[in-house]
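Participant:
Protein chains: 2
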Amino acid sequence: MPENPTDTPAQDEPVIVAGLRLDVLEGAFSYYIRALDAVVSRDLDRRMEGLEVARGKGKITALLLVDGHPGIRPSAIAAVLMRDRPWTGRLIDTLVTRGLIERTTSTDDQRAQSLRITPHGHEVAERVRAIVRQQEREFFDFIAPQDRDQFLAQLKRAYLRTREQ
Amino acid sequence: MPENPTDTPAQDEPVIVAGLRLDVLEGAFSYYIRALDAVVSRDLDRRMEGLEVARGKGKITALLLVDGHPGIRPSAIAAVLMRDRPWTGRLIDTLVTRGLIERTTSTDDQRAQSLRITPHGHEVAERVRAIVRQQEREFFDFIAPQDRDQFLAQLKRAYLRTREQ
DNA sequence: AATAATGATTGTGAAATGCAATTATTTCCT
DNA sequence: AGGAAATAATTGCATTTCACAATCATTATT
Chain A
1 MPENPTDTPA
11 QDEPVIVAGL
21 RLDVLEGAFS
31 YYIRALDAVV
41 SRDLDRRMEG
51 LEVARGKGKI
61 TALLLVDGHP
71 GIRPSAIAAV
81 LMRDRPWTGR
91 LIDTLVTRGL
101 IERTTSTDDQ
111 RAQSLRITPH
121 GHEVAERVRA
131 IVRQQEREFF
141 DFIAPQDRDQ
151 FLAQLKRAYL
161 RTREQ
Chain B
1 MPENPTDTPA
11 QDEPVIVAGL
21 RLDVLEGAFS
31 YYIRALDAVV
41 SRDLDRRMEG
51 LEVARGKGKI
61 TALLLVDGHP
71 GIRPSAIAAV
81 LMRDRPWTGR
91 LIDTLVTRGL
101 IERTTSTDDQ
111 RAQSLRITPH
121 GHEVAERVRA
131 IVRQQEREFF
141 DFIAPQDRDQ
151 FLAQLKRAYL
161 RTREQ
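Here the protein sequences come in this chain order: A and B.
Per our numbering, numbering of the first sequence is gapless, rising by one per residue and ending at 165.
Per our numbering, numbering of the second sequence is gapless, rising by one per residue and ending at 165.
Written out as structure tokens, the structure is:
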């Protein structure tokens, strides 16, 4: 049983990109995470093209959250996204404008709003789920099956830990 | 010898963030990468605060590339960053304006430019390296030593593979 | 009842980003 | 050699993103 992921570059082998060495960044988690984000986001944008939630960070998460948690408040979405409320408010504006979710004032707290998915929004959410799953299959197909769980677990762990800080 | 990373959440355990479930995103590489990027970038911004290369993606990489590759062309930097040339041009403008690098027309090709680090730029590059290393130590300290190489190798691999597409 | 805290919106300005058009130089092709 | 095509880079927008301050309404605290 192999202890290391399949076919990974050796630790001492320099990382060459476009013929250039990456200096300290070569050994930096932060660099790869930031660079990967750009590529993954670009790819996801392409896949979502035409769908009302295309481009930008947040709309997809917000839509799925509303679909999965009827009556959710904007501030709860802001907490997950780690964004401020003005930003989240405008995000919700666009989802409402596009007829994906609806916004009513909450019955138990009249300051708060209660967000619910519309039938159309639910359809879009379903399509979003399909696209996300498809991207996972197609875009990340180079990750060997036996490495997937471990890699995902590490990312999860990093995600949950860094959120705390 | 353990085969799995230390203390990782079980695969079937739902990921709860701010009390909410994440739907499909919970199992999506893309979600964690995108979310991690936001946190890591924010943290890096804080650490670089005051330094002429703070905030934004690209200045750090560009500075280190110029420092490590005297005479490098803007287009080479654009290739590494996967950005268009106008964008890269303006990035270089700011580095030049701040006295970190200097720009001359290349001798072998008068269309092209040749970028070189200034003494001040080199100093900043050194400080950037120290900060990056420090972030790796402090921010990612939750990754168990025995997991680090493997996690980094997976990220590297993902990075290199996704660049090809 | 007065004050503080909470949930959300509006206003605004600074950056980031992306596309099209332009200029200058070099390479390629007859 | 001469002209077309390709390459390196810049300039000029037009959009979008994003954060901060100020404001308004409602609820909680004392």
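Backbone N, C-alpha and C fix where the C-beta goes; we use that ideal spot for every residue, glycine too.
Beta-carbon within less than 7 Å of aspartate 45 of chain A's beta-carbon, same chain only, minus the 5 sequence neighbours each way: which residues are those?
Facilitator: Closer than 7 Å at the Cβ level, and outside the excluded window around aspartate 45 of chain A, lie Ala54, Arg55.
Participant: Does the separation of the CB atoms of leucine 171 of chain A and leucine 63 of chain A fall below 8 Å?
Facilitator: Because chain A here runs from 1 to 165, residue 171 of chain A falls outside it and cannot be looked at.
Participant: Which residues in chain B sit within 8 Å of isoleucine 33 of chain A, going by Cβ to Cβ distance?
Facilitator: Ile33, Leu36, Asp37, Val40, Leu155, listed in chain order.
Participant: Under 9 Å between beta-carbons, which chain B residues line up against histidine 69 of chain A? List them in chain order, please.
Facilitator: Those are Leu20, Arg21, listed as they occur along chain B.
Participant: So, is serine 106 of chain A buried or exposed, given that buried needs 16 or more other C-beta atoms within 10 angstroms?
Facilitator: Classification for serine 106 of chain A: exposed.
Participant: State the Cα-Cα distance for the pair lysine 57 of chain A and arginine 21 of chain A, rounded to the nearest angstrom.
Facilitator: Answer to the nearest angstrom: the Cα atoms are 30 Å apart.
Participant: DSSP beta-bridge partners for arginine 73 of chain B?
Facilitator: Paired residue(s): none; arginine 73 of chain B is not in a bridge.
Participant: Run down chain A in chain order and give the residues with a C-beta less than 7 Å from the C-beta of methionine 82 of chain B.
Facilitator: Within chain A, the residues near methionine 82 of chain B are Ala38.
Participant: Do we get a CB-CB distance below 8 Å when we pair lysine 57 of chain B with the residues of chain A?
Facilitator: Yes, contact with chain A.
Participant: If you count every other CB in all the chains shown that lies within 10 Å of the CB of isoleucine 117 of chain B, and 16 or more means buried, which is it?
Facilitator: Per the 10 Å Cβ criterion, buried.
Participant: Between aspartate 80 of chain B and serine 30 of chain A, is the Cβ-Cβ spacing less than 8 Å?
Facilitator: Going by the sequence as given, residue 80 of chain B is valine instead of aspartate. No, the Cβ-Cβ distance between valine 80 of chain B and serine 30 of chain A is not below 8 Å.
Participant: Between the stretch 134-145 of chain B and the stretch 82-98 of chain B, are three or more C-beta pairs nearer than 8 Å?
Facilitator: As far as the Cβ criterion goes, the stretch 134-145 of chain B does not touch the stretch 82-98 of chain B, which means the pair count is below three.
Participant: Sorted by chain position, which residues of the same chain lie with C-beta nearer than 6 Å to methionine 1 of chain A's C-beta, five sequence neighbours on each side aside?
Facilitator: Note that methionine 1 of chain A scores 48 on pLDDT, short of 50, meaning its location in the model is unreliable; the coordinates nonetheless yield the value given after this. Here the set comprises nothing.
Participant: Let's test the definition: count the other Cβ atoms within 10 Å of the Cβ of proline 74 of chain A and tell me whether it reaches 16, buried, or not, exposed.
Facilitator: Per the 10 Å Cβ criterion, buried.
Participant: Look at isoleucine 77 of chain A and valine 128 of chain A and say whether their C-beta atoms are less than 8 Å apart.
Facilitator: It is not a contact, given that the beta carbons lie outside the stated cut-off.
Participant: Tell me whether leucine 22 of chain A sits in a helix, a strand or coil according to DSSP, three-state version.
Facilitator: Coil.
Participant: Helix, strand or coil for leucine 100 of chain B per DSSP?
Facilitator: Note: leucine 100 of chain B maps to coil in three-state DSSP.
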